[in-house]
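Okay, so the sequence shown: first residue is 1 according to the working numbering, each after it adds one. Here the structure is laid out as structure tokens; the discussion comes afterwards.
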Amino acid sequence: MSFLINLIFILFVLFIIKMILIAVFFHDEIKEARKKDPAAKNFLEVLILYHGLHALVNFRIAHFFYKRRLFFLARLISQAAYASRPRNRSMMRRTWRNLASEYCASSEPVSVPSVQARSSD
Numbered sequence: 001m002s003f004l005i006n007l008i009f010i011l012f013v014l015f016i017i018k019m020i021l022i023a024v025f026f027h028d029e030i031k032e033a034r035k036k037d038p039a040a041k042n043f044l045e046v047l048i049l050y051h052g053l054h055a056l057v058n059f060r061i062a063h064f065f066y067k068r069r070l071f072f073l074a075r076l077i078s079q080a081a082y083a084s085r086p087r088n089r090s091m092m093r094r095t096w097r098n099l100a101s102e103y104c105a106s107s108e109p110v111s112v113p114s115v116q117a118r119s120s121d
């Protein structure tokens, strides 16, 4: 039981260190996100909850490793960031036609032009 408590404590300390490093290195980006979003209440909320900031952090870390020719590590970070992105499954189920008809003034479905194969000359 004490091993589990120690492990949780170590993970918590690593999380705090990670948040401090992100806050230091990405201070300007966090300030901009807070300034542009009226729903953002404080610095900590943007730091922890904003997926766009997390994507930016992961991209810059992966790019750092890519420039140093550590391609596998850069790809690993990129794939881990891609796997942890938020997904809205209800939006994924909708088709383009349904989305287009939502934004049109009429409630009729939008006709999508069909693509015809070229005839060989």
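Ideal Cβ placement from N, Cα and C applies to all residues, glycine included. Just so it is clear, the structure is predicted and the values come from calculations on it, not from any experiment.
A contact is defined here as three or more CB-CB pairs under 8 Å, and the region 52–63 meets this definition with respect to the region 7–26. Rounded to the nearest whole angstrom, the CA to CA distance from Ala-33 to Leu-70 is 30 Å. When Cβ pairs closer than 8 Å are counted between the two stretches, the region 67–83 is seen not to touch the region 34–50, the count staying below three.
By the beta-carbon neighbour count (other beta carbons within 10 angstroms, threshold 16), Ala-80 is exposed. Ala-62 counts as buried, since no fewer than 16 other beta carbons sit within 10 angstroms of its beta carbon. Annotation for Asp-37: no alpha helix (DSSP H) segment contains it, and DSSP assigns it neither H nor E. Per DSSP, the continuous alpha helix (DSSP H) segment holding Tyr-66 begins and ends at 51–67. Here the alpha carbon of Ile-20 sits roughly 24 Å from the alpha carbon of Tyr-66.
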